[in-house]
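*Asks:*
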Amino acid sequence: MINKVLIVLCVSIVFVLGYWAYLDTQNKRHQELMRIIQEAEKNLQTIERNPNRVSHSNLASYNLQKYISDKKIFF
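Residue numbers (the working numbering): 1052 to 1126.
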């Protein structure tokens, strides 16, 4: 009788500890994702506040258009 109780108790403890470890892992993943999202938002705001952003963002398309017109490539 006492052996059955100890077995059930040990199995229950293993399940509880396993579930606790699962929750802890999920919490850490959530915190890491939130940190990454906050960093991305901060970097995006920094880029958007950059006064030279407009000229840099159009530079690549300008160079491509110039290359296409120089090579007489038509789509």
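Backbone N, C-alpha and C fix where the C-beta goes; we use that ideal spot for every residue, glycine too. Given the structure is predicted, the values throughout are model-derived calculations rather than measurements.
Which of helix, strand or coil does DSSP assign to Met1052?
*Replies:* Of the three classes helix, strand and coil, the one that applies to Met1052 here is coil, per DSSP.
*Asks:* Just the Cα atoms here: how many angstroms apart are Leu1053 and Ala1091?
*Replies:* Per the sequence presented here, residue 1053 reads as Ile, with Leu not at that position. Answer to the nearest angstrom: the Cα atoms are 57 Å apart.
*Asks:* Suppose you measure from the CA of Val1062 to the CA of Ile1098; what does that come to, to the nearest Å?
*Replies:* Roughly 54 Å between the two C-alpha positions.
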